[in-house]
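FYI, this note's numbering numbers position 243 of the sequence shown as 266, with every residue one higher than the one before it. Think of the CB as a built atom: it goes at the ideal place given N, C-alpha and C, for glycine as much as any other residue. Nothing here was measured: the structure is a model prediction, and the numbers come from that model.
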Amino acid sequence: MKKRYTLMILAALLIIIPAVTFIAVSRADTTLEFQFQDKVSGEWVWGATAVLQNRMIRSHFQTDQGPAPYTFTHLRPGEAVLEISAPHYVTRQIPVTLKRGSNRIDEPVELVGYEIPNLSRWVIFEEWINRNLALDLRPISTTGRAVVNHPCLDIWLGARISAQVPADSEAADYRRGEVLFTGQLEWRWDPTPESTYRYYAWIPGTQIASHTERLWVVDYVLIVPDPRKITSTELDQIMTRAWEQPLDEIESYLRQYTSDGRLTPYIFSSWNVEGAGL
24 MKKRYTLMIL AALLIIIPAV TFIAVSRADT TLEFQFQDKV SGEWVWGATA
74 VLQNRMIRSH FQTDQGPAPY TFTHLRPGEA VLEISAPHYV TRQIPVTLKR
124 GSNRIDEPVE LVGYEIPNLS RWVIFEEWIN RNLALDLRPI STTGRAVVNH
174 PCLDIWLGAR ISAQVPADSE AADYRRGEVL FTGQLEWRWD PTPESTYRYY
224 AWIPGTQIAS HTERLWVVDY VLIVPDPRKI TSTELDQIMT RAWEQPLDEI
274 ESYLRQYTSD GRLTPYIFSS WNVEGAGL
């Protein structure tokens with residue numbers, strides 16, 4: 024009798040356990056966790072919108088500690104498309120297969136920025152820090168105000184430093200003297216949410232020739248590419264040849280690449296730069 028009773032309990036469990044499991048799985052919420060980031064900087068994307076099925080997530084600033092995770096809930100299992108867009112970025116559409124329960128896209132979705140909105144010109148401020156000439160790069164809009172939130176474009180930046188000496192004629196007060204530095208500069212991106220200007224660069228003091236002139240003139244060539252039309256490798260090849268040209272001929276040399284919108288050059292100078300930092 025006892026054996027028969029035990030067999031009946033086991034039989035009941037074999038029926039109940041699968042039924043409970045089926046009910047739990049059928050009621051599990053279908054979710055998708057994902058991340059996205061700027062392709063160049065690897066940081067947050069301003070003003071992004073993610074859409075999946077009938078659900079939407081809006082994001083402005085994220086963190087300065089890398090991309091933040093987002094999660095869609097209450098999704099329908101099956102084939103779907105995750106769409107991520109942001110102002111001045113190329114929209115991404117990622118096909119996903121949603122299984123019942125938790126789903127995750129392992130790698131951050133990379134968004135490609137293609138422009139700095141209403142960009143008119145750049146201003147660069149120089150400051151000596153630890154015997155290096157630190158550069159604060161500021162994009163200025165057509166309204167004369169700073170462009171604060173914009174994609175991180177893979178800009179190309181070059182500089183030539185010359186001693187600033189008295190002019191030989193009355194047409195100008197000063198002219199460029201001996202060249203103290205010339206070359207392409209490294210730049211960095213500041214993801215701190217409260218920052219106003221995000222590009223910064225520097226010229227190592229050890230690479231600048233010493234000179235008795237107290238004031239210098241720094242000539243800048245800053246190239247903003249459109250990554251939809253030109254790759255970073257192509258830009259480097261173009262600028263290797265362009266940088267060999269005299270300063271006043273670089274813009275005309277680049278005209279063959281600007282006519283179709285592949286790149287936009289900004290060529291400008293800072294006079295009266297204090298050279299006493301060395």
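How close, in whole Å, do the beta carbons of A67 and P250 come, if the pair is a contact with beta carbons under 8 Å?
-> As a working note, residue 67 is residue 44 in the sequence shown. As a working note, residue 250 is residue 227 in the sequence shown. Note that residue 67 is Trp in the sequence shown, not Ala. About 18 Å separates the beta carbons of W67 and P250, which is beyond the 8 Å limit, so they are not a contact pair.
Going straight from the alpha carbon of R261 to that of I80, what length do you get?
-> Reading the sequence shown from its first residue, position 238 is the one you call residue 261. Reading the sequence shown from its first residue, position 57 is the one you call residue 80. The identity of residue 261 in the sequence shown is Ile, whereas the question assumes Arg. Straight-line spacing of the CA atoms in I261 and I80 works out to 40 Å.
Residue range of the alpha helix (DSSP H) that includes R278 | Looking up residue 278 in the sequence shown gives position 255. Segment I273 to T281, the alpha helix (DSSP H) holding R278.
Does DSSP put E236 in a helix, a strand or coil?
-> Your numbering for residue 236 matches position 213 in the sequence shown. E236: coil per DSSP, three-state reduction.
Thinking C-beta only, is L238 closer than 8 Å to V296?
-> As a first step, residue 296 must be located in the sequence shown, where it is residue number 273. As a first step, residue 238 must be located in the sequence shown, where it is residue number 215. Contact flag set, yes.
Please state whether DSSP places G181 in a helix, a strand or coil.
-> Translated into positions along the sequence shown, residue 181 becomes position 158. Looking at G181 - three-state DSSP - the assignment turns out to be strand.
Which whole-angstrom value describes the C-beta separation of H83 and G70, a residue pair presumed to lie in contact below a C-beta threshold of 8 Å?
-> For the purposes of this step, residue 83 is taken as residue 60 along the sequence shown, with counting starting at 1. For the purposes of this step, residue 70 is taken as residue 47 along the sequence shown, with counting starting at 1. Sure, about 6 Å apart at Cβ, within 8 Å.
Please determine if the segment 171-184 and the segment 128-146 are in contact, where contact requires at least 3 C-beta pairs separated by less than 8 Å.
-> The segment 171-184, when compared against the segment 128-146, does touch it at the 8 Å Cβ threshold.
Where does Q268 sit, in a helix, a strand or coil, going by DSSP?
-> As a working note, residue 268 is residue 245 in the sequence shown. Coil at Q268, not helix or strand.
Local conformation of E257 per DSSP, three classes = Here residue 257 is taken as the residue at index 234 of the sequence shown, counted from 1. Helix.
N-terminal and C-terminal residue of the beta strand (DSSP E) that T120 is part of | Counted from its first residue, the sequence shown places residue 120 at position 97. Unbroken beta strand (DSSP E) run through T120: R115 to L121.
Give a yes or no on whether the C-beta atoms belonging to T53 and P100 are separated by under 8 Å.
-> If you number the sequence shown from 1, residue 53 lands on position 30. If you number the sequence shown from 1, residue 100 lands on position 77. Cβ atoms of T53 and P100: closer than 8 Å.
To the nearest whole angstrom, what separates the beta carbons of L1 and L286, a pair I think is in contact under 8 Å?
-> Outside the modelled stretch of the chain, which goes from 24 to 301, sits residue 1, for which no answer is possible.
My understanding is that Q187 touches V240, with C-beta atoms under 8 Å, so please give their C-beta distance in whole angstroms.
-> Within the sequence shown, numbered from 1, the residue matching residue 187 stands at position 164. Within the sequence shown, numbered from 1, the residue matching residue 240 stands at position 217. Q187 to V240, Cβ: 5 Å. Contact.
Please name the residue in D283, K62, P140 and N153 whose C-alpha comes closest to that of T166.
-> As a first step, residue 166 must be located in the sequence shown, where it is residue number 143. Ranking D283, K62, P140 and N153 by Cα distance to T166 puts P140 first.
If you draw a straight line from the alpha carbon of S164 to that of S185, how long is it in whole angstroms?
-> On the sequence shown, residue 164 is found 141 positions in, with the first residue counted as 1. On the sequence shown, residue 185 is found 162 positions in, with the first residue counted as 1. For S164 and S185, the distance between alpha carbons rounds to 29 Å.
What are the boundary residues of the beta strand (DSSP E) that V132 is part of?
-> Locating residue 132 in the sequence shown gives position 109, where the first residue counts as 1. Element bounds for V132: V132 to L134.
Express the C-alpha separation of N77 and E106 in angstroms, rounding to a whole number.
-> Working through the sequence shown from its first residue, we reach residue 106 at position 83. Working through the sequence shown from its first residue, we reach residue 77 at position 54. Whole-angstrom Cα-Cα distance: 12 Å.
Considering only residues of the same chain and omitting the five flanking positions on each side of S143, which have a CB-CB separation below 7 Å?
-> In the sequence shown, the residue the question calls residue 143 occupies position 120. Within the same chain, S143 has close Cβ partners I163, S164 and T165.
Thinking just about the alpha-carbon of each residue, which of P90, A91, V63 and R115 is nearest to the one in L75?
-> Position 52 of the sequence shown, counted from the first residue, corresponds to residue 75. Among P90, A91, V63 and R115, the Cα nearest to that of L75 is on R115.
Cut-off 7 Å between Cβ atoms - residues of its own chain near T120, not counting five sequence neighbours on either side | Taking the first residue of the sequence shown as position 1, residue 120 is located at position 97. Result list for T120: E102, in chain order.
State the Cα-Cα distance for the pair T281 and I290, rounded to the nearest angstrom.
-> For the purposes of this step, residue 281 is taken as residue 258 along the sequence shown, with counting starting at 1. For the purposes of this step, residue 290 is taken as residue 267 along the sequence shown, with counting starting at 1. Looking at the two C-alpha atoms, the distance is approximately 14 Å.
Under the three-state reduction of DSSP, which class applies to G65: helix, strand or coil?
-> Position 42 of the sequence shown, counting from 1, holds the residue named residue 65. Here G65 sits in coil by DSSP.
Put T96 into one of helix, strand or coil per three-state DSSP.
-> As a first step, residue 96 is located in the sequence shown; it is residue number 73 there, counting from the start. Residue state, collapsed to three classes: coil.
So, is N153 buried or exposed, given that buried needs 16 or more other C-beta atoms within 10 angstroms?
-> In the sequence shown, counting from the first residue as 1, residue 153 sits at position 130. With fewer than 16 Cβ atoms within 10 Å of its Cβ, N153 is classed as exposed.
Reference E267, options G181, Q60, R161 and T254, closest by Cα = On the sequence shown, position 244 is the one that residue 267 refers to. Checking every option, the nearest Cα to that of E267 belongs to G181.
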